[in-house]
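In what follows, a single structure is set out as structure tokens and then discussed.
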Amino acid sequence: MLTRRHFVASVALLAVSGWAGHTFISPAAAQSADQGASAFIQKLGNDAIATFSDKSLSRDQAIQRFRTLLYAGFDVPYIGRWVLGRYWNSANEAQRAEYQKLFEQLIVNTYAERFVEYSGETFKITGVTPAGEADSMVTTQIVRPNGPPVNVSWRVRKGAADYKIIDVVVENVSMGVTQRQEFASVIEQNNGRVDGLIQALRQKVGRTG
Amino acid sequence: MKLARLSRSLLRSATVVALALTATACATNPGDSGAKDAAYQVNDPLEGANRVVFAVNDAVDTVALRPAAEVYVAVLPDPVRDVIHNFIDNLMAPLYIANNLLQGNVDGATNATGRFLTNTILGAGGIADVASQAGIPNAQEDFGQTLAVWGVGEGPYLVLPLLGPSNLRDAAGYGVDTVGDPVRIWAYAHNGQGLMYTRAGVSAVDRRSEVLKSVDDLRRNSLDFYATVRSLYHQQREAAIANNQGAQPEFPDFTNNSAGNSAGAPPASTPKP
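Protein sequences appear in the order of chains A and B.
Quick note: the first sequence uses my numbering, first residue 1, plus one each step.
Quick note: the second sequence uses my numbering, first residue 210, plus one each step.
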């Protein structure tokens with residue numbers, strides 16, 4: 001029930017509070033593609049730590065850098081579309097465009113704060129396994145100054161040019177699945193209209209600042 | 210949360226449901242063949258009622274549990290809170306052992322037994338979690354998980370008064386765990402109901418205190434907090450039942466006929482799996 005420690009840990013995830021530090025690669029399934037995915041996560045994590053350890057940045061600068069890192073590391077349009085799930089098909093062009101814009105803002109609003117507040121977390125890569133047909137799951141452990149470590153896995157897909165993250169799994173909870181189910185619930189409460197979700201996103205994004 | 214231990218009638222009915230469920234266990238199909246759709250299909254026929262209970266729980270949390278947890282964190286230093294947490298958890302160990310055995314998980318039962326002995330003897334009656342430091346993982350196996358291993362499906366999602374998110378199977382499992390709870394058995398044999406209430410209260414505050422900031426974040430960032438918690442609960446339970454080997458959703462390739470990496474919206478057609 002709500003009280004179980006698993007649930008506790010999963011919620012703790014959602015406060016994914018930054019990444020950092022130690023290099024510790026132990027390739028469980030040593031394939032060359034996996035190595036690439038693991039190196040990609042390592043570099044992205046190191047960049048994030050370097051960026052947010054610098055406390056001389058203004059808030060706006062830090063958020064801008066978060067956005068840069070977000071696009072360097074994540075396939076945001078893919079995630080947005082995946083999260084919308086079957087409702088993507090029933091949305092028209094204009095709705096899709098606005099949804100993708102709002103989704104990106106929601107991600108920035110939700111996570112930028114946690115990175116800007118970076119307070120010495122470190123991470124180590126604990127393994128790489130193949131996922132699905134062509135992806136790699138890079139598992140990491142985030143070590144926090146306070147509280148128990150958090151297990152985070154990054155689903156990485158190799159594109160034409162580079163690697164991109166397409167899902168994040170924190171203590172066995174997929175961020176993509178969670179958001180997909182949440183968005184589906186909002187749409188269902190609006191009689192299956194995607195506009196209902198877009199309206200809710202506008203409000204959410206609008207009043208955060 | 211565990212305050213619901215206070216409600217004996219609730220527990221009695223849960224136990225009855227548990228027995229009924231066990232009787233029908235063999236008729237239930239554990240297979241979830243609709244895995245493709247599982248990522249957004251939720252089994253929540255009682256959503257209306259669940260949302261009402263969820264709102265009430267949320268109100269109780271806002272006026273009582275969350276403030277209590279804040280005071281708890283402010284007043285007691287980390288090491289003291291760890292002692293309390295470890296002590297409460299260690300007394301549940303016999304249940305974890307029993308559920309591992311019922312699941313036929315000998316390794317798990319061995320681990321749980323090792324933890325219990327280590328922490329009880331070397332950890333001064335369970336106040337120090339020596340076992341975790343020695344690398345023995347803490348897997349809190351409950352009867353809901355045992356039922357799942359036996360093939361009982363999760364049934365409809367339920368939000369229980371004070372206890373929070375659950376489902377028919379896990380609620381039944383909770384009833385069985387409560388009946389088998391060693392502390393409860395001891396307390397009822399020694400007229401120690403007060404001890405039960407104390408533990409229920411402290412345990413609820415302890416667990417809530419671990420997620421103060423996380424839950425605040427979650428609530429602030431959710432469009433639909435109810436749906437988010439429902440999804441978290443389902444995913445956590447699936448992972449716990451499979452002992453972290455859970456199935457993964459499918460991530461199709463959208464780029465076949467669209468510019469998937471451009472920020473603009475890709476064209477209308479979707480690749481069929």
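By construction, the Cβ of each residue, glycine as well, lies at the ideal position given by its N, Cα and C atoms.
### Message
Does the contact criterion of 3 or more C-beta pairs under 8 Å hold for the segment 298-316 of chain B versus the segment 340-360 of chain B?
### Response
yes
### Task
Quick one: grab the DSSP three-state call for A:Gly159.
Taking the first sequence and counting its residues from 1, one reaches residue 159 of chain A at position 159. Reduced to three states, the DSSP call for A:Gly159 is coil.
### Task
Confirm, please, whether the CB-CB distance from B:Tyr366 to B:Asp253 is below 8 Å.
By one-based count along the second sequence, residue 253 of chain B stands at place 44. By one-based count along the second sequence, residue 366 of chain B stands at place 157. Cβ distance < 8 Å, so B:Asp253 and B:Tyr366 count as in contact.
### Message
Between A:Ile63, A:Thr68, A:Lys55 and A:Trp82, which has its C-alpha nearest A:Val168's C-alpha?
### Response
On the first sequence, position 168 is the one that residue 168 of chain A refers to. Answer by Cα proximity: A:Trp82.
### Task
Return the chain-ordered ranges of every alpha helix (DSSP H) run that is complete within the segment 318-387 of chain B and spans a minimum of 4 residues.
339-342 and 352-358
### Query
Are the C-beta of B:Glu459 and some C-beta of chain A separated by less than 8 Å?
Position 250 of the second sequence, counted from the first residue, corresponds to residue 459 of chain B. True, the Cβ-Cβ gap to chain A drops below 8 Å.
### Message
Buried or exposed, going by whether 16 or more other CB atoms sit within 10 Å of the CB of A:Arg86?
### Response
Numbered from its first residue, the first sequence carries residue 86 of chain A at position 86. With fewer than 16 other Cβ atoms within 10 Å, it is exposed.
### Message
For the ligand ADP, is there any heavy atom lying closer than 7 Å to the beta carbon of A:Gln141?
### Response
Because no ligand of any kind appears in the structure shown, any question about the ligand ADP cannot be addressed here.
### Buried or exposed (CB count within 10 angstroms, at least 16 for buried), A:Arg59
For the purposes of this step, residue 59 of chain A is identified with residue 59 of the first sequence, where counting begins at 1. Classification for A:Arg59: exposed.
### Query
Using a beta-carbon distance cut-off of less than 7 Å, what residues from the segment 442-455 of chain B approach chain A?
Tyr442, Gln444, Gln445, Ala448, Ala449, Asn453 and Gly455
#### Entry: Helix, strand or coil at B:Gln457 [DSSP, three-state]
On the second sequence, position 248 is the one that residue 457 of chain B refers to. DSSP places B:Gln457 in coil when its eight states are reduced to three.
### Cβ-based neighbour list, B:Thr237, same chain, cut-off 7 Å, excluding 5 preceding and 5 following
Counted from its first residue, the second sequence places residue 237 of chain B at position 28. In this predicted model, B:Thr237 has a pLDDT of only 36, less than 50, meaning its place in the structure is not dependable; the value taken from the coordinates is given anyway. So the list reads Gly360, Val361 and Gly362, once near-sequence residues are dropped.
### Task
Work out the CA separation of B:Ala321 and A:Ile165 for me, nearest whole Å.
Along the first sequence, one-based indexing puts residue 165 of chain A at 165. Along the second sequence, one-based indexing puts residue 321 of chain B at 112. Going by the C-alpha atoms only, they are around 36 Å apart.
### Coarse secondary structure for A:Gln141, derived from DSSP in three states
As a position in the first sequence, residue 141 of chain A is number 141, starting the count at 1. Looking at A:Gln141 - three-state DSSP - the assignment turns out to be strand.
### Query
Can you tell which of A:Gly159, A:Gln61 and A:Arg155 has the C-alpha that lies nearest to the C-alpha of A:Asn172?
As a position in the first sequence, residue 172 of chain A is number 172, starting the count at 1. When only C-alpha atoms are compared, the closest one is A:Arg155.
### Message
For A:Phe74, list the residues DSSP reports as bridge partners.
### Response
Translated into the one-based positions of the first sequence, residue 74 of chain A becomes position 74. DSSP output for A:Phe74 lists A:Ile165 as bridge partner(s).
### DSSP-derived helix/strand/coil call for B:Asp426
As a first step, residue 426 of chain B is located in the second sequence; it is residue number 217 there, counting from the start. Looking at B:Asp426 - three-state DSSP - the assignment turns out to be helix.
### Buried versus exposed call for B:His294 [16 or more other C-beta atoms within 10 Å across all chains shown]
Taking the first residue of the second sequence as position 1, residue 294 of chain B is located at position 85. Its Cβ being crowded by 16 or more others within 10 Å, B:His294 is buried.
### Query
Checking contacts by CB at 8 Å: is B:Asp433 closer than that to chain A?
Here the question's residue 433 of chain B lines up with position 224 in the second sequence. So, interface residue.
### Query
Based on the DSSP output, what are the partners of A:Trp82 in its beta bridges?
For this step, residue 82 of chain A is matched to residue 82 along the first sequence. A:Trp82 is not bridged to any residue.
### B:Asn266 to A:Gln61 span [Cα, whole Å]
The residue you call residue 266 of chain B lines up with position 57 of the second sequence. The residue you call residue 61 of chain A lines up with position 61 of the first sequence. Between B:Asn266 and A:Gln61, the C-alpha separation is close to 40 Å.
### Query
Closest Cβ-Cβ distance between A:Ile142 and chain B: below 8 Å?
For the purposes of this step, residue 142 of chain A is taken as the residue at position 142 of the first sequence. By this cut-off, A:Ile142 is not an interface position.
### Message
Can you list, in chain order, the residues of its chain with a C-beta nearer than 7 Å to that of B:Gly335? Leave out the 5 residues immediately preceding and following it.
### Response
For the purposes of this step, residue 335 of chain B is identified with residue 126 of the second sequence, where counting begins at 1. Here the set comprises Asn295, Phe296, Asn299, Leu300, Asn328 and Thr329.
### Message
A:Thr110 and A:Val143 - do their beta-carbons sit closer together than 8 Å?
### Response
Within the first sequence, numbered from 1, the residue matching residue 143 of chain A stands at position 143. Within the first sequence, numbered from 1, the residue matching residue 110 of chain A stands at position 110. Contact flag unset, no.
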